[in-house]
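Per the numbering used here, residue 66 is the first one in the sequence shown, and the count goes up by one each step. Written below as structure tokens is the structure these notes are about.
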Amino acid sequence: MPATVVVGTQWGDEGKGRVIDNLAEQSRMVVRFQGGNNAGHTIVNEEGEFKFHLLPSGILYSHVTSVIGNGVVISPRVLCEEIDGLKGRGYPVDNLRISGNAHLIMPYHILLDAASETMLGRRKIGTTKRGIGPAYTDKAARLGIRVQDLSDKKILRQKLDTAISVKNDLLEKVYNNPGVDPFEVMEQYAEYADRLSPYIDDTSLLIDRALKRGEQVLFEGAQGTLLDIDHGTYPFVTSSNPIAGEACVGAGVGPTRIDEVIGVCKAYTTRVGEGPFPTELFNEVGDYLVKKGGEFGTTTGRQRRCGWLDLVLLRYAVRLNGLTGLAITKLDVLSGLDQIQVCSMYEHEYDDQKDNYVDFPPHQSIFYHCTPVYETLPGWQEDITGVRKLADLPSEARNYLELIEEEAGVPIKSISVGPGRDETVEV
Ligand code: IMP
66 MPATVVVGTQ
76 WGDEGKGRVI
86 DNLAEQSRMV
96 VRFQGGNNAG
106 HTIVNEEGEF
116 KFHLLPSGIL
126 YSHVTSVIGN
136 GVVISPRVLC
146 EEIDGLKGRG
156 YPVDNLRISG
166 NAHLIMPYHI
176 LLDAASETML
186 GRRKIGTTKR
196 GIGPAYTDKA
206 ARLGIRVQDL
216 SDKKILRQKL
226 DTAISVKNDL
236 LEKVYNNPGV
246 DPFEVMEQYA
256 EYADRLSPYI
266 DDTSLLIDRA
276 LKRGEQVLFE
286 GAQGTLLDID
296 HGTYPFVTSS
306 NPIAGEACVG
316 AGVGPTRIDE
326 VIGVCKAYTT
336 RVGEGPFPTE
346 LFNEVGDYLV
356 KKGGEFGTTT
366 GRQRRCGWLD
376 LVLLRYAVRL
386 NGLTGLAITK
396 LDVLSGLDQI
406 QVCSMYEHEY
416 DDQKDNYVDF
426 PPHQSIFYHC
436 TPVYETLPGW
446 QEDITGVRKL
456 ADLPSEARNY
466 LELIEEEAGV
476 PIKSISVGPG
486 RDETVEV
């Protein structure tokens, strides 16, 4: 299976980093294809904990070429910091390649993200305030500044002047905020240009060549299916497409090149930011999941909202991504609960008419106002972090996994039972 896409099946934070880290060991290339430093991946290895926002998760392996594809929006400041951080811990970063077609996050994007959230007030999206939405807006508006612009200072200055005159008008006249100084931005980005130029490459061509050589290439999704700008819980979504189809667009490969799509699914559900979440728990079980699962955002430190697993959403993720396998994460967090609930469908009542939804509702009002219908399963008390074989899991845990597999119609390929690299049950 040379080309494998890994995506999140929920609202992000499913534990994709550790799944990719495991798969990266057998790969020659790991490619990020969308999102920016709104993402946060944590990897734990024998040398400790690593948190990445932009660098692909394969960066810790010297045999892996790590690619930031054209679909990513890049904060050069964060990227330089991550590179420096890794070098400081003794990891060479020579195997990093950045697409010249990727767009850059500019200082005014970050200011606009914050200003827009403030203006929306109660209706805010709850963004990470990293400038992601405004950067993708400029990409679509053809006002964006791309990585390749860094290598031509004259072009960079021209593009910056045009963009900044528009953005400063917006910041000053619409949002009543100070604008940015074009000279300062130019100086700052000229410095980033010098730092990043050794890594800039034609990444679509690199991927094509790797695939032609029969090498294993992993495409690493950020965020999750329900945050997809087209198919997620709009407007409470991110500004890119975290679903598998974007691996082709955001990396520059055709759909016929993809062999496998693995969906990462946490054994329960979490969400950060605003927006509907039918299985959200507001009781002591929710608090238990937050504490035991360490459910605080890698990027913003915000406490994640927690709830039961939602099979309606999982089936939706299977459909949208064309999943060929599932990676279940954080199963160990459920140990110690007397009962586990899992949402099998939604009930929705309108004008005295009751409807059931086994599939994701086509209208967002239904999703907002639906009631989850739960199946209740017995929990297990055993600590499962030491388990490495499926047969050694408590029967209650195996029943839970069987139900997920059956309802999703996709085989489970791996189960994580702890944060460490080896704390995985291979199936
Ligand atoms: P943005 O991507 O910063 O524009 O934020 C839009 C929405 O996506 C907010 O609800 C964020 O909390 C959410 N979001 C963005 N990136 C992630 C992620 O990596 N994990 C979980 N939620 C995310």
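Note that beta-carbon positions come from the ideal geometry of N, C-alpha and C, so glycine has one too.
Residue i Cβ short of 7 Å to ligand 1 heavy atom set
i: Ala-382; result: no
i: Trp-373; result: no
i: Leu-176; result: no
i: Val-407; result: no
i: Leu-292; result: yes
i: Asn-103; result: yes
i: Val-337; result: yes
i: Thr-364; result: yes
i: Gly-209; result: no
i: Ser-304; result: yes
i: Arg-288; result: Contrary to the premise, residue 288 reads as Gln rather than Arg in this sequence. At least one heavy atom of ligand 1 is nearer than 7 Å to the Cβ of Gln-288, so yes.
i: Ile-197; result: yes
i: Thr-183; result: no
i: Thr-74; result: no
i: Thr-193; result: yes
i: Ile-190; result: yes
i: Arg-82; result: Reading the sequence as shown, one finds Gly at residue 82 and not Arg. No, Cβ of Gly-82 sits at least 7 Å from all heavy atoms of ligand 1.
Distance between beta carbons of residue j and residue i, contact taken as under 8 Å
i: Val-282; j: Met-94; result: 4 Å
i: Pro-484; j: Arg-195; result: Between Arg-195 and Pro-484 the Cβ distance is about 24 Å, and since that is not below 8 Å, they are no contact.
i: Tyr-411; j: Thr-436; result: 7 Å
i: Leu-391; j: Cys-330; result: 6 Å
i: Gly-493; j: Ser-269; result: What the structure shows of the chain is the stretch from 66 to 492, and residue 493 is not part of that stretch, so it cannot be assessed.
i: Gly-328; j: Val-72; result: 6 Å
i: Ala-89; j: Val-129; result: 6 Å
i: Lys-232; j: Leu-177; result: 7 Å
i: Asp-295; j: Pro-307; result: Not a contact, Cβ separation roughly 10 Å.
Selected residue, minimal CA-CA separation from residue i, among the options
i: Val-302; options: Gly-451, Gly-338, Val-84 and Val-318; result: Gly-338
i: Asp-266; options: Leu-215, Gly-401, Gly-100 and Ile-431; result: Leu-215
i: Thr-227; options: Val-407, Gly-136, Pro-247 and Asp-397; result: Pro-247
i: Ile-124; options: Ile-148, Thr-334, Glu-488 and Arg-142; result: Ile-148
i: Ala-287; options: Arg-384, Val-138, Asp-420 and Val-490; result: Val-138
i: Ala-309; options: Glu-252, Leu-385, Leu-236 and Ile-294; result: Leu-385
i: Ile-480; options: Gln-75, Val-70 and Gly-80; result: Gly-80
i: Pro-172; options: Arg-463, Val-143, Ala-382 and Gly-359; result: Val-143
i: Pro-426; options: His-413, Asp-417 and Glu-360; result: His-413
i: Arg-162; options: Met-184, Pro-121, Gly-155 and Ile-229; result: Pro-121
Same chain, Cβ closer than 8 Å to residue i, neighbours up to 5 away in sequence not counted
i: Ser-409; result: Leu-376, Val-377, Val-423, Val-438, Tyr-439, Glu-440 and Glu-472
i: Asp-448; result: Asp-397 and Ser-400
i: Gly-279; result: Pro-67
i: Lys-454; result: Val-490
i: Ser-262; result: Leu-215 and Ser-216
Contacts around residue i, its chain only, beta-carbon distance under 6 Å, and the 5 residues preceding and following it disregarded
i: Gly-297; result: Leu-291
i: Lys-189; result: Glu-182
i: Tyr-257; result: Pro-141
i: Ala-179; result: Lys-194
i: Ile-175; result: Gly-196
i: Asp-203; result: Gly-209
Close Cβ partners of residue i (< 7 Å) along its chain, the five nearest in sequence each way excluded
i: Glu-114; result: Thr-107
i: Thr-344; result: Thr-334, Gly-372, Trp-373, Asp-375, Cys-408 and Pro-437
i: Thr-450; result: Asp-397, Val-482, Gly-483 and Glu-488
i: Arg-222; result: Met-251
Contact test: residue i Cβ vs ligand 3 heavy atom, cutoff 7 Å
i: Phe-342; result: Summarising the ligand content, the structure contains ligand 1 and does not contain ligand 3.
### Message
Please give the ranges of any alpha helix (DSSP H) in the region 227 to 281, keeping only runs that are unbroken, at least 4 residues long and fully inside the region.
### Response
Here the runs fully enclosed are 247 to 261 and 268 to 277.
### Query
Which ranges would you report for the beta strand (DSSP E) in the region 155 to 208 if only whole runs of at least 3 residues count?
Complete beta strand (DSSP E) runs here, min 3: 161 to 164.
### Message
Report the start-end ranges of each alpha helix (DSSP H) in the region 421 to 463 that is 4 residues or longer and not cut off at the edges.
### Response
Whole alpha helix (DSSP H) segments, 4+ residues: 429 to 434.
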